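Colleague:
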Amino acid sequence: MAIVSFLATHLDIPEDQVESIVQRAPLLYKVYKIPKRSFGTRTIAQPTPELKKLQRAFLLTKPLPVHSAAMAYQPGLSIKKNALHHLHNKYLLKLDLLNFFNSITPDILWQEWKQHFEIPPPKEKKHIENLLFWAPQRKPNTHLMLSVGAPSSPNLSNFILYRFDERLQNLCKKLNITYTRYADDLTFSTNTRYALFSIPEQVAMLLNELFTGRININKRKTIFTSKAHNRHVTGVGLSSENKLSLGRAKKRYLKHLVHQFTLSLLADEEISHLQGWLAHAKHIEPTFIESLTNKYGQDIIHKIFETNHD
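Numbering (the numbering used here), first residue to last: 4 to 313.
(1) Going by beta-carbon coordinates alone, are A72 and T225 separated by less than 9 Å?
(2) So, with DSSP's three-state summary, where would you put D188?
(3) Helix, strand or coil for P38? Go by DSSP, reduced to three states.
(4) Considering only C-alpha positions, which residue in the set P38, H305, L135, L241 is nearest to V7?
(5) According to the Cβ coordinates, are I202 and L210 closer than 9 Å?
(6) Would you check if there are 3 or more beta carbon pairs closer than 8 Å linking the segment 119-127 to the segment 141-155?
(7) With K97 as the anchor, note down where its beta strand (DSSP E) starts and where it stops.
(8) With a CB to CB cut of under 6 Å and the five nearest residues on each side skipped, what residues in its chain are close to E115?
(9) Give me, in chain order, the residues of the same chain whose beta-carbon lies closer than 8 Å to that of K36; leave out the 5 immediate sequence neighbours on both sides.
(10) Tell me the start and end of each unbroken alpha helix (DSSP H) in the segment 120-171 that is at least 4 residues and wholly inside, in chain order.
(11) Starting from Q49, follow its DSSP beta bridges and name the residues at the other end.
(12) Quick one, are the C-beta atoms of T190 and H70 less than 9 Å apart?
(13) Note the first and the last residue of the continuous alpha helix (DSSP H) segment covering N9.
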């Protein structure tokens, strides 16, 4: 079934209405910037609600293969499970893909699509491109890219890197290296000294072979570390005792916030912030929540979690 017909049937929307949205889809985005954690800003292109519905429904048309090394955007996976893969290895390498979503274009999609499926007819291709990609210049028939903000982008990005993940994992297995990818964060770990030093060049060569310079490493974010130093994987600390950890600085910060809460010094948004971090802590390092409970009492910790700001 053609994509427009499928979407119309699945969402119970008139076909001509779906056609109209799809024709204009690359322009139906609200664009804004948010600060990055380190420096600079990230451009978010948020589709309109009507376009989001179509993009979510598109993901139901065909199951897109995702490699087992891909740890993000998958049911049952998390940053914790990603970190656990590397917990017992001494040496760690972290690489980052530069402007990952915005580097993915329709050409890259079809290049990887044909590895798994038959390429659709030209009109159908155009409909799919319009549906999934954003036109940053806000003009019809201009350069298209995946947006950070579309609900379909995470699944598509995992699918597009399937061959990359497969080739890289096969290489790493031969070298006794563990490899995982969480969105644009690539993590490698091993107990073999010096084994990781050749990996950045190998990754760069593989990216160039598969994507001919269109997807690249962000060299400023390449990090080598070992058990003798602080190791973090997707924001989760790996302690020298082979345990997952929030890290000392984060725990000090959260203790400070809990103390402020006991003195009624936190604003509503600060309490919400604390609730989020304590939920994260409970997931990553449950013993830290136990230590807070022992220090401040179960009633206080329960009160933090139960505070409602509506």
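Even glycine gets a Cβ: it sits at the ideal position worked out from N, Cα and C. Values in this document were obtained by computation on a predicted structure and should not be read as measured data.
Modeller: In short:
(1) Their beta carbons are not under 9 Å apart, which means A72 does not touch T225 by this criterion.
(2) Reduced to three states, the DSSP call for D188 is strand.
(3) strand
(4) L135
(5) no
(6) no
(7) 94-99
(8) I163
(9) Excluding positions up to five away in sequence, the list reads T44, R45, T46, I47.
(10) 125-135, 156-163
(11) For Q49, which the question treats as bridged, DSSP gives the partners K33.
(12) no
(13) The residue you asked about is not Asn; residue 9 is Phe in the sequence shown. In the DSSP annotation of this structure, the continuous segment of the alpha helix (DSSP H) that includes F9 starts and ends at 6-14.
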